[in-house]
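Q: Take a look at the following structure, please.
Following this line, the structure appears as structure tokens:
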């Protein structure tokens, strides 16, 4: 019981410190007060403060440095770290291809519509360069794998141009999850010329609509692309499963 109470105090203090950081408008790189000052500021024991700091460091909120200029500093969590934490949470949730495409179909058409006419020529050329990575049919299973990954990366790249940080993160995280699932389940193994060809054509048409500033067309192309890709990826999943059972 005592351990449970101490755990609650530690968690509560961690939340209080996070709120204090926001209230003080501290930015990444700013130093927090020293341990004694934090103890006095929050009327907490040394052990509770230290445990709370460890929690915040594990969450990516704080970073600690040793030495004369050391201490606790506000950290800026990178996208990969945030994705890793969320992936850990979802690890045992048994996400399916359809789960991921439900999110993609809800968000990515709107991303495409919002970016129509808003992208610079260098950004549009980056998208075209990405498509070039898988513009020819794969010749073996290794190229199949690389083409699948590069095609999904096209969507991450497009989302990176959004000014909506939450939308950008969700789309890019979902794309990463799809990449991981594709590799884990080896969904790239069954040769699927239709999946490759329809993906190429849709993405090329999308870039043209984005360049022309045609938001309704960009949204429509992405909607159709998501629906077709979802169906074809489900077929890949079934084929892989049947192959596994036969073996």
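Numbering (the working numbering), first residue to last: 9 to 255.
By construction, the Cβ of each residue, glycine as well, lies at the ideal position given by its N, Cα and C atoms.
1) Measure the alpha-carbon distance for residue 235 versus residue 83 and round it to whole angstroms.
2) For the beta strand (DSSP E) holding residue 256, just list the boundary residues, first then last.
3) In this structure, how does DSSP classify residue 9 when only helix, strand and coil are distinguished?
4) So residue 142 and residue 155 are in contact, right, with Cβ under 8 Å, and what is the actual spacing, rounded?
5) The beta strand (DSSP E) with residue 79 in it runs from where to where?
6) Evaluate residue 32 with the Cβ neighbour count: other Cβ atoms within 10 Å of its Cβ, from every protein chain shown; 16 or more gives buried, anything less gives exposed.
7) For residue 120, which option in 58, 139 and 231 has the closest C-alpha, if you only look at C-alpha atoms?
8) Let me check one thing: in DSSP terms, what residues is residue 39 bridge-paired to?
9) Tell me the residue span of the alpha helix (DSSP H) that contains residue 94.
10) In or out: residue 117 buried (at least 16 other Cβ within 10 Å) or exposed?
11) For residue 40, collect the residues of the same chain with a Cβ closer than 6 Å to its Cβ; drop the 5 residues on either side in sequence, then sort them by chain order.
A: Reading off the structure:
1) By one-based count along the chain shown, residue 235 stands at place 227. By one-based count along the chain shown, residue 83 stands at place 75. When only Cα atoms are considered, residue 235 and residue 83 end up about 40 Å apart.
2) In this structure the chain extends from 9 to 255, so residue 256 is not present and cannot be described.
3) Stepping through the chain shown from its first residue, residue 9 is reached at position 1. Confidence is the limiting factor: at residue 9 the pLDDT is only 46, short of 50, which leaves the residue's position unreliable, though a coordinate-based value still follows. Residue 9: coil per DSSP, three-state reduction.
4) Working through the chain shown from its first residue, we reach residue 142 at position 134. Working through the chain shown from its first residue, we reach residue 155 at position 147. Approximately 4 Å separates the beta-carbon atoms of residue 142 and residue 155; this is inside 8 Å, confirming the contact.
5) In the chain shown, counting from the first residue as 1, residue 79 sits at position 71. Unbroken beta strand (DSSP E) run through residue 79: 79-82.
6) By 1-based counting over the chain shown, the position of residue 32 is 24. Looking at its Cβ environment, which holds fewer than 16 other Cβ atoms inside 10 Å, residue 32 is exposed.
7) The residue given as residue 120 occupies position 112 in the chain shown. Checking every option, the nearest Cα to that of residue 120 belongs to 231.
8) For this step, residue 39 is matched to residue 31 along the chain shown. Within the DSSP bridge table, the entry for residue 39 names 81 as partners.
9) As a first step, residue 94 is located in the chain shown; it is residue number 86 there, counting from the start. Bounds of the alpha helix (DSSP H) holding residue 94 are 87-98.
10) Reading the chain shown from its first residue, position 109 is the one you call residue 117. Buried.
11) What you label residue 40 is simply residue 32 of the chain shown in a count that begins at 1. The answer, listed in chain order, is 80.
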